[in-house]
Structures are given as structure tokens and as C-alpha cells.
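Asker:
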Amino acid sequence: MALISGYHQSLERNVKTEVVLDKIKMDSRNGSFLKDYINIEQLRAYTPATTYDVYLETKLRQLTSKLFSEISVNSAARDIVQNKQFKEIVAYGEAIVPHILNSLKREPSILIWALNSILKSKISNKPLSIQEASNEWIKWGKNIHLV
Amino acid sequence: MTLPSLRGELHLFPNLIEHSNFCFKSPIDQKYNCIAWAIIKNNVWVEPTDGNFDGIFWPELVPKGFSHDHLIQLFTFFEYRACDDSGFEEGFMKVALYGTGEIWSHASRQLVNGKWTSKMGVCEDIEHESPYDLEGAGYGKVYQLMKRANSSYKLAKNQKTK
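If you're matching them up, the sequences are chains F and S in order.
Oh and the first sequence: position 61 is 127 in this note's numbering, straight run, nothing missing.
Oh and the second sequence: position 38 is 33 in this note's numbering, straight run, nothing missing.
(1) Determine which residues of the region 35 to 55 of chain S have a Cβ less than 7 Å from any Cβ of chain F, and write them out in chain order.
(2) Quick one: list the residues of chain F neighbouring G116 of chain S, beta-carbon separation under 8 Å, in chain order.
(3) Okay, do the region 22 to 35 of chain S and the region 153 to 172 of chain F touch, 3+ Cβ pairs below 8 Å being the bar?
(4) What's the call for V107 of chain S, buried or exposed, on a 16-neighbour Cβ count within 10 Å?
(5) Any idea which residues DSSP pairs G94 of chain S with across the strands?
(6) At the level of alpha carbons, what is the spacing between L126 of chain F and E84 of chain S?
(7) Where does C29 of chain S sit, in a helix, a strand or coil, going by DSSP?
(8) Taking the C-alpha atoms as reference points, what is the distance between S100 of chain S and T116 of chain F?
(9) According to DSSP, is K153 of chain F helix, strand or coil?
(10) Using beta carbons (cut-off 8 Å, strictly below), is G94 of chain S in contact with chain F?
(11) Which whole-angstrom value is the C-beta distance of K20 of chain S and T112 of chain S, which I expect to be below 8 Å?
(12) For N86 of chain S, does the three-state DSSP call read helix, strand or coil?
(13) Is N149 of chain F close to chain S? Criterion is C-beta to C-beta, closer than 8 Å.
(14) Considering just the uninterrupted stretch of the beta strand (DSSP E) at K114 of chain S, what are its terminal residues?
(15) Taking the alpha-carbon positions, what's the E202 of chain F to I51 of chain S distance?
(16) By the 10 Å Cβ neighbour count, where 16 or more other Cβ atoms means buried, how is C29 of chain S classified, buried or exposed?
(17) For a contact meaning CB atoms closer than 7 Å, what does L69 of chain S contact in chain F?
(18) For A132 of chain S, which residues in the same chain have their Cβ closer than 6 Å to its Cβ, ignoring the five residues on either side in sequence?
(19) Quick check on A142 of chain F: does DSSP put it in helix, strand or coil?
(20) Does the Cβ of N140 of chain F have 16 or more other Cβ atoms within 10 Å, making it buried, or fewer, making it exposed?
(21) Taking only three categories from DSSP, how would you classify W179 of chain F?
(22) Can a CB atom of chain S be found closer than 8 Å to the CB of P164 of chain F?
(23) For Q105 of chain S, name the three-state secondary structure that DSSP assigns.
(24) Say whether chain S places a C-beta atom closer than 8 Å to the C-beta of L100 of chain F.
(25) Please compile the residues from chain F whose C-beta is within a distance smaller than 9 Å of the C-beta of I30 of chain S.
(26) Here's a check: name, in chain order, each residue in its chain whose Cβ is nearer than 6 Å to the Cβ of L69 of chain S, leaving out the five neighbours to either side.
(27) List the DSSP bridge partners of S62 of chain S.
(28) I'd like to know if N209 of chain F contacts chain S, where contact means its C-beta is closer than 8 Å to some C-beta of that chain.
(29) Taking only the alpha-carbon atoms, compute the straight-line gap between A144 of chain S and S187 of chain F and give it to the nearest angstrom.
(30) What is the DSSP secondary structure of H123 of chain S, reduced to helix, strand or coil?
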């Protein structure tokens, strides 16, 4: 419950941010401003939500592909969570959570560990399989209208 | 999501190409790891962690760690005992434990046809001739062979006798 209420607070913050972002939407329609804001934090602050979502979706796909190609025959979760690409996914924080959930909907995966790291919580203290934990995370996301 | 295939990593396993008639036995799958596959589970990762991650399992009674001995203790928990020979013995199941330096890296399991099976990281499962086929830059060397009575074999044999 603490996890969910914390997430709602975070969503409220995001809604306020989006109101501000709406004001610059008109100026950004030509897309030219993007090249001036290559810093991620600036991009997060000044990019319209929809554009930022597309950016995050693309970035998640790229990072995940690179992550898996780098770990390949390595079976160690300890190495996976220390991998540069994994850490970059986690560094996007709560904004990337809906995209991870969408990815889990397409295919259950060890990206649940990124959710564990970002939200600092497991979905359950029961011993779940990767598939079961993925399903539980999706259910959680649906309950709070993230997916 | 694009997942890697072992086909792109074969350079890490020179013996596999030179000496083994290996074959792919499963699609690429990231829902279980090699240790889980060696203890015949294909839906969890078996690895010691601090307990902060979903879907990762390690028996509470087994000390957590990554030394060679920690993996031996895990398989001892599952009733395996050390042995010296990787050849097939009727009524027994065998596993081979691999390590690089002081750290365990992989485990493979013998099948009832005498061949060996391995889950290759997030890549495919393969069937290979010998546990030594996987020695190399990827997993290091086999440092321990272990065996236990194969209960399903006993059951099948008893049913045949009846």
C-alpha cells in the first residue's frame, strides 16, 4: 500500500509538470528545440509528455537489447543488476515504470528487477517465478492505471 | 525485444565447436538461469541475493555466496554427492559445476541419454556430449562433478518390473 500511495504522489507531481509542459507544447511542434536540450534532465523538463514517452519507449528497447547482448551467456543476476545498461534503465526512475510494465505485458522478463530497484520494493514476499512476478507487476500497474 | 543467441557467442566455447555434436534444445528464454536448469526448474533464477529481487530463489538453509564451495553446498542440499567420473551411470543423475577463478559460473546436468544439457545464460538450452565441452573463456573449468540417485529412474524401473 505504501508503494501504491507513494506512486500516486509521484503521479500528482507528474500531472503538475505536464501542465507546465503544455505551455511549451506549441513552441515545440516544429521539433527544433530538441537538438538544443540534449541533457536528459532538460529533456525531461522541457519535452512534451508524449514526446518524452516516445523517447523513453525507444530508449528502453535500445538499453534492454544492449543489456541482453552484453550479458548473453552469463547467468548471474548480480552481474545483470550491475550492468551499465541496467543501471541506466533504473536511472530514468519512475517515468520509465509504465514502459517497463508494457514490456512485461509483451513478454515476462527480468526487467522486473528494474522495477524492484526503481520502486525499492518487491511485488510480493512470496517466492514467485519470473512469469508470476511479471503478471503481479502488470496487475499492480493496471490497478493504478499505469497500463 | 531482441535477445541474443548462443550462435553469436560460440567463440567463448572452442571445445563445443571442435569436439561436440551439440544442438539447440529450446528457444531463447530469460525466465530461468543455468543453476535452475541444472536442478530441473525452468521458471526461476537460482542465485544467492540480498532478497530484494522478485523471481530469484536460493534455499534458506544453504549459505549464500559465490565461492566454488557455495555452489557445492547448494547441490548437496539437493542430495548430490561429489563424484569423479562424468560417464553415465544407470540410476544416477549427474551435474558438473564450473568456475572461473574462485567464483562459480555455471552448472550443467546429465540427461538419461548420457548427454549433457545446459542453459546458456539468457540464450538457449543446448545438449552437448560432455561437461568439458563448455570449458573456456565463458565459464572457466569444471571444478566439481556430483551425482545423486535418480528417483524418476527408480520409479520407471519399478513400474516396468510390475
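Ideal Cβ placement from N, Cα and C applies to all residues, glycine included.
Treat the numbers as computed from the prediction; the structure is a model and nothing was measured.
Answerer: By the coordinates alone:
(1) N38, V39, W40, E42, T44, N47, F48, D49, G50, I51 and F52
(2) I137, S138, V139, N140 and S141
(3) no
(4) Residue burial is scored here from C-beta neighbours: V107 of chain S has fewer than 16 other C-beta atoms within 10 angstroms and is therefore classed as exposed.
(5) S:W99 and S:K136
(6) One C-alpha to the other measures close to 48 Å.
(7) It is helical.
(8) 43 Å
(9) If DSSP states are grouped into helix, strand and coil, K153 of chain F belongs with the helices.
(10) no
(11) 7 Å
(12) Residue identity check: residue 86 of chain S is Gly in the sequence provided, not Asn. Looking at G86 of chain S - three-state DSSP - the assignment turns out to be coil, as it is neither helix nor strand.
(13) Among the CB atoms of chain S, none fall inside 8 Å of the CB of N149 of chain F.
(14) W111 to K114
(15) Take the alpha-carbon of E202 of chain F and the one of I51 of chain S: they are about 15 Å apart.
(16) The C-beta of C29 of chain S has 16 or more other C-beta atoms within 10 Å across all chains shown, which makes the residue buried.
(17) Those do not exist, as L69 of chain S stays about 14 Å from chain F at its closest Cβ, beyond 7 Å.
(18) L7
(19) coil
(20) buried
(21) helix
(22) no
(23) strand
(24) Interpretation of L100 of chain F is limited by its pLDDT of 39, a score under 50 that renders its predicted location unreliable; no figure is taken from the coordinates.
(25) At a C-beta separation below 9 Å, I30 of chain S has these neighbours in chain F: S141.
(26) V57
(27) S:I98
(28) No, its Cβ sits nowhere closer than 8 Å to a Cβ of chain S.
(29) 40 Å
(30) strand
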